[in-house]
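Asks: UniProt numbering puts the sequence shown at residues 1 to 800. A virtual CB, placed ideally from N, CA and C, is assigned to each residue, including glycine.
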Amino acid sequence: MGRTVTVAVCTLNQWAMDFDGNTRRILQSIQEAKDAGATYRSGPELEICGYSCEDHFYESDTLLHSWEVLATLLKSSVCEDILIDVGMPVMHKNVTYNCRIAFLNRRILLIRPKMRLCEDGNYRETRWFSPWTKERTVEDYFLPRMISQLTGQTVVPFGDAIIATRDTCVGFEICEELWHPASNHIPMSLDGVEIIANGSGSYFELRKAYITVDLVKSATFKAGGCYMFSNLRGCDGGRLYFNGGSSITLNGNILNRGRQFALEDVEVTIATFDLEDIRNYRNSIRSRSHAAATSPSYPRVKIDFALTPENLISNPPDRPLDGAQDVYGDNEHSSFMYHIPEEEIAMAPACWLWDYLRRSCQGGFFLPLSGGVDSASSACVVYSMCEMIVESVGRGDTQVLADIRKIVGDCEYVPVDPKQLCNTILVTCYMGTENSSTETKARAAELANQIGSYHHGIVIDTAISAILGIFQQVTKLTPKFRVQGGSPRENLALQNVQARLRMVIAYLFAQLMLWVRGRPGGLLVLGSGNVDEALRGYLTKYDCSSADINPIGGIAKNDLKKFLLYFRRKHGISALDNILDAPPTAELEPLQAGQLAQLDEVDMGMTYKELSVFGRLRKQSKAGPFTMFCRLVHMWEHCTPKEIADKVKHFYRCYAINRHKMTILTPACHAESYSPDDNRFDHRPFLYNHSWKWQFAAIDEQVKRLSSEEKPSKSRKGAALRTPRYMTFSSVISTKIIGEKHPPKNPPFRSCTQARSNDRPRNFTYTVCTYTAALLVAFIEESSPASFFVADKTHPGVVV
1 MGRTVTVAVC TLNQWAMDFD GNTRRILQSI QEAKDAGATY RSGPELEICG YSCEDHFYES
61 DTLLHSWEVL ATLLKSSVCE DILIDVGMPV MHKNVTYNCR IAFLNRRILL IRPKMRLCED
121 GNYRETRWFS PWTKERTVED YFLPRMISQL TGQTVVPFGD AIIATRDTCV GFEICEELWH
181 PASNHIPMSL DGVEIIANGS GSYFELRKAY ITVDLVKSAT FKAGGCYMFS NLRGCDGGRL
241 YFNGGSSITL NGNILNRGRQ FALEDVEVTI ATFDLEDIRN YRNSIRSRSH AAATSPSYPR
301 VKIDFALTPE NLISNPPDRP LDGAQDVYGD NEHSSFMYHI PEEEIAMAPA CWLWDYLRRS
361 CQGGFFLPLS GGVDSASSAC VVYSMCEMIV ESVGRGDTQV LADIRKIVGD CEYVPVDPKQ
421 LCNTILVTCY MGTENSSTET KARAAELANQ IGSYHHGIVI DTAISAILGI FQQVTKLTPK
481 FRVQGGSPRE NLALQNVQAR LRMVIAYLFA QLMLWVRGRP GGLLVLGSGN VDEALRGYLT
541 KYDCSSADIN PIGGIAKNDL KKFLLYFRRK HGISALDNIL DAPPTAELEP LQAGQLAQLD
601 EVDMGMTYKE LSVFGRLRKQ SKAGPFTMFC RLVHMWEHCT PKEIADKVKH FYRCYAINRH
661 KMTILTPACH AESYSPDDNR FDHRPFLYNH SWKWQFAAID EQVKRLSSEE KPSKSRKGAA
721 LRTPRYMTFS SVISTKIIGE KHPPKNPPFR SCTQARSNDR PRNFTYTVCT YTAALLVAFI
781 EESSPASFFV ADKTHPGVVV
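1. Spatial neighbours of residue 599 within its chain, please: CB distance less than 8 Å, with the 5 preceding and 5 following residues excluded, ordered by chain position.
2. Using the Cα positions of residue 721 and residue 605, report the straight-line distance between them to the nearest angstrom.
3. Quick check on the burial criterion: 16 or more other C-beta atoms within 10 angstroms. Buried or exposed for residue 15?
4. What do you get for residue 293, buried or exposed, if any count of 16 or more other CB atoms within 10 angstroms of its CB means buried?
5. Closest to residue 524 by CA distance: which of 641, 427, 60 is it?
6. Using C-beta distances below 8 Å, list every residue in its chain close to residue 210, excluding the 5 sequence neighbours before and after it, in chain order.
7. Drop a sphere of 10 angstroms on the beta-carbon of residue 666, count the other beta-carbons inside from all chains shown, and report buried for 16 or more, exposed for fewer.
8. Hey, residue 641 and residue 692 are a contact pair by Cβ (cut 8 Å); roughly how many whole angstroms apart?
9. How would you label residue 114, buried or exposed, when you count the other beta carbons within 10 angstroms and need 16 or more for buried?
10. Please list, in chain order, all residues of the same chain as residue 508 whose beta carbon is under 6 Å from its beta carbon, the five residues on each side excluded.
11. Measuring alpha carbon to alpha carbon, tell me which of 367, 263, 79 ends up nearest residue 108.
12. Answer yes or no: does any C-beta atom of chain B fall closer than 7 Å to that of residue 83?
13. Along the beta strand (DSSP E) that carries residue 302, what are the first and last residues, could you check?
14. Taking all protein chains shown into account, decide if residue 3 is buried (16 or more other Cβ within 10 angstroms of its Cβ) or exposed.
15. Spatial neighbours of residue 527 within its chain, please: C-beta separation below 6 Å, excluding the five flanking residues on both sides.
16. Suppose contacts are defined by Cβ-Cβ distances below 7 Å. Is residue 95 in contact with residue 130 by that definition?
17. Going by the beta-carbon positions, is the gap between residue 247 and residue 233 smaller than 7 Å?
18. Taking 7 Å as the cut-off, decide whether the C-beta atoms of residue 651 and residue 686 are in contact.
19. Mind checking whether residue 348 and residue 481 have CB atoms under 7 Å apart?
20. Sort out for me which residues DSSP pairs residue 41 with in a bridge.
21. For the putative contact between residue 81 and residue 105, defined by C-beta atoms under 8 Å, what is the C-beta separation to the nearest angstrom?
22. Are the CB atoms of residue 495 and residue 464 nearer to each other than 7 Å?
23. Where does residue 142 sit, in a helix, a strand or coil, going by DSSP?
24. Output the boundary residues of the alpha helix (DSSP H) element that contains residue 393.
25. Roughly how far, in whole angstroms, is the beta-carbon of residue 174 from the beta-carbon of residue 193, given that I think they are within contact range, below 8 Å?
26. Can you tell me the Cβ-Cβ gap for residue 425 and residue 364, rounded? I've got them flagged as a contact below 8 Å.
27. Using alpha carbons as the reference points, say which of 77, 99, 74 lies closest to residue 46.
28. Among 623, 469, 383, 395, whose alpha-carbon lies nearest the alpha-carbon of residue 806?
29. Inspect the beta-carbon positions of residue 404 and residue 415 and report whether they are closer than 7 Å.
30. If distances are taken between C-alpha atoms only, which option among 90, 288, 699 comes closest to residue 112?
31. Beta strand (DSSP E) containing residue 274: first to last residue?
32. Go to residue 431, then tell me how far its beta strand (DSSP E) extends in each direction, as first and last residue.
33. Is it buried or exposed, residue 20, if we count other Cβ atoms within 10 angstroms and call 16 or more buried?
34. The alpha helix (DSSP H) that contains residue 218, what's its start and end?
35. I need the straight-line Cα distance from residue 207 to residue 274, nearest angstrom please.
36. Please classify residue 802: does DSSP put it in a helix, a strand, or coil?
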């Protein structure tokens with residue numbers, strides 16, 4: 001009997017509730033897998049109905065139509081003589097589970113429910129599904145009649161089991177189970193499972209791609225075996241972009257890996273490997289063999305089918321993409337590379353825009369182009385999308401060609417140049433006022449010319465005057481800008497009326513510009529607010545940040561600048577030089593002597609770099625105002641504690657006052673782990689007491705303590721400045737100062753401060769800081785406030 005096995009993982013661009021389209025893509029992937037010689041095909045999570053059905057999972061229709069799709073697959077001749085598993089929701093004993101269904105030649109072999117559900121980030125799986133908690137246990141599942149009539153089966157096994165073929169053994173994980181600290185692949189591998197298939201729905205975040213690769217490599221490096229990771233790709237109806245990267249891993253090395261970003265709806269990734277390599281690898285790890293000898297067994301579903309061919313010497317096994325190439329006598333075998341963040345920004349939002357555009361049946365995009373970094377980034381993402389379309393059509397992708405022809409309304413259209421395509425589907429408009437500078441207008445026009453967008457420059461002062469005229473007619477009062485002697489609320493109102501009118505004008509132009517150009521349909525309005533401005537609330541509610549979708553709404557300002565630098569180098573867009581050199585400004589206040597009187601960072605009271613730090617501490621590090629201050633005291637050594645306190649307070653006041661704006665934030669492609677998106681990712685109140693009285697009082701107390709430590713000790717005249725002592729730990733859960741007149745006999749002191757016993761003062765108190773199970777004790781002079789600093793700058797902690 002042969003030893004090599006050819007398997008296929010599938011990357012599918014599915015669409016929630018599109019059962020017809022999802023069925024076509026699944027069948028196409030199975031056919032491509034068979035054509036490549038695969039005997040086992042695995043697909044992504046919930047591929048039949050789409051991952052993002054959300055509350056549609058409550059509907060019995062979703063379950064019914066999923067079974068109907070499965071019936072279609074069972075009947076198809078495409079699905080014969082190949083082992084297949086697909087993902088769909090299944091109700092068992094009145095409980096809905098996220099399942100893999102394995103079938104072969106019109107017989108269902110196993111329904112395997114998901115055992116570890118994901119609740120992190122944008123995931124909310126326990127809202128619709130329950131985890132299967134009965135390890136190594138199966139129950140009888142009674143099939144729907146429509147399935148029984150096709151398979152001749154009444155019941156099939158449902159639960160935590162594996163499939164035993166004549167030549168190997170196959171097990172299953174579903175997405176989160178790979179990430180779980182008690183992953184199923186370890187006990188399965190100890191029980192002889194040689195191939196593990198994981199149907200996944202992993203979404204895109206900047207700098208995240210390596211995580212999945214490391215996980216699957218680690219899984220098979222430690223336990224041996226083949227790991228088949230199939231992931232979704234694209235926008236299936238929401239803010240997420242599923243980022244592909246389906247892979248096949250053997251014994252810690254990647255055999256093959258699909259693309260992370262692409263416009264193709266179906267990508268099948270094939271690899272051939274030798275089962276004997278798994279067995280030899282495992283047998284050579286003696287500790288693993290000893291553990292396997294005592295490992296409990298999984299229920300096995302035995303089938304009379306072999307994944308290997310009959311001939312002993314069959315297809316040669318594939319070389320690893322990331323292994324030691326000299327083993328094979330040459331170094332020409334290509335290896336995969338991770339995309340840098342700038343490339344991820346160029347491609348992920350572009351692919352997300354493409355899916356949204358073609359599935360919304362609109363004719364293109366309308367973008368207010370201000371001449372600044374943010375709107376320029378949105379424009380460059382659209383250009384990147386056009387470039388990807390041209391490349392896909394050039395490679396012969398008939399689906400992309402059909403979609404772009406439908407979008408432009410020309411059944412014979414063939415895109416050959418990104419700039420020409422950009423002119424067809426992107427309309428940009430500079431909306432100037434008397435407060436706008438000639439420089440920003442020129443920058444916008446120059447960028448539009450170089451990327452090819454259909455551009456207009458207009459002046460909207462007449463509309464602003466008309467709106468203000470209504471107010472003046474009613475109140476007999478004329479509001480003034482700050483520079484004209486107006487109050488802050490007058491100044492803000494005059495800025496906001498300009499911004500909000502831009503949104504109204506943008507939607508007017510978006511609805512009618514294709515009519516002007518003699519084409520059917522309308523345009524999607526693109527927004528250009530970045531994640532930092534959303535976090536700070538530095539935007540006008542219902543201004544031109546309010547749009548249909550926002551390609552850059554999940555990306556930090558500094559990352560956008562780096563992206564434009566990369567884009568300028570790659571495409572030679574010289575217009576970006578002036579945009580990057582210009583200070584960011586809203587241009588909503590009058591110019592002074594023809595020069596800018598308003599700068600964004602001055603208006604915000606903080607820099608974009610500081611905003612990014614605040615955002616990461618708030619979301620990623622779960623820091624409130626007090627903990628943020630304490631960590632920044634350690635991180636920002638160039639600032640005094642008082643300066644840091646003022647910055648933190650200002651940020652949190654602005655955050656609280658503007659939090660309501662997040663409730664209407666334009667849907668954006670999720671890209672950043674500290675996104676303030678209110679819809680799913682960052683659940684917070686939108687009505688705060690913005691004085692933060694208790695929290696800010698705690699900060700003020702620490703500022704006083706730290707300030708007093710910088711002064712000479714009053715108890716010892718002329719004493720040197722007191723040096724803070726350091727302790728290494730990542731974060732403090734709780735702190736409590738306990739006064740003691742007598743020290744313990746053997747204090748755990750030296751390991752924390754490197755002090756000698758004779759350096760310790762005679763009179764002292766000690767501070768007890770609880771961090772999980774650790775008791776950290778610092779010895780402090782009785783006459784001085786208790787204090788310590790955290791020495792580990794990688795994991796800054798709390799100053800007490």
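Replies: Reading it off the structure:
1. Excluding positions up to five away in sequence, the list reads 583, 584, 585.
2. Its pLDDT being 44, under 50, residue 721 is placed unreliably in this model, and the coordinates cannot settle the point.
3. buried
4. By the Cβ neighbour-count rule, residue 293 is exposed, with fewer than 16 other Cβ atoms within 10 Å of its own.
5. 427
6. 338
7. buried
8. Between residue 641 and residue 692, the beta carbon gap of about 17 Å keeps them out of contact (Cβ cut-off 8 Å).
9. buried
10. none
11. 79
12. The structure shown contains no chain B; it holds only a single protein chain.
13. 300 to 302
14. buried
15. 545, 547, 550, 666
16. yes
17. no
18. no
19. Against a cut-off of 7 Å, the Cβ pair of residue 481 and residue 348 comes out as no contact.
20. 8, 84
21. Sure, about 7 Å apart at Cβ, within 8 Å.
22. no
23. strand
24. 373 to 394
25. The pair is not a contact, with the Cβ atoms about 15 Å apart (cut-off 8 Å).
26. 3 Å
27. Checking every option, the nearest Cα to that of residue 46 belongs to 99.
28. Nothing in the structure corresponds to residue 806, since the chain is present only between 1 and 800.
29. yes
30. 90
31. 266 to 274
32. 426 to 432
33. exposed
34. Unbroken alpha helix (DSSP H) run through residue 218: 209 to 223.
35. 33 Å
36. Since the first residue shown for the chain is 1 and the last is 800, residue 802 is missing from the structure and cannot be characterised.
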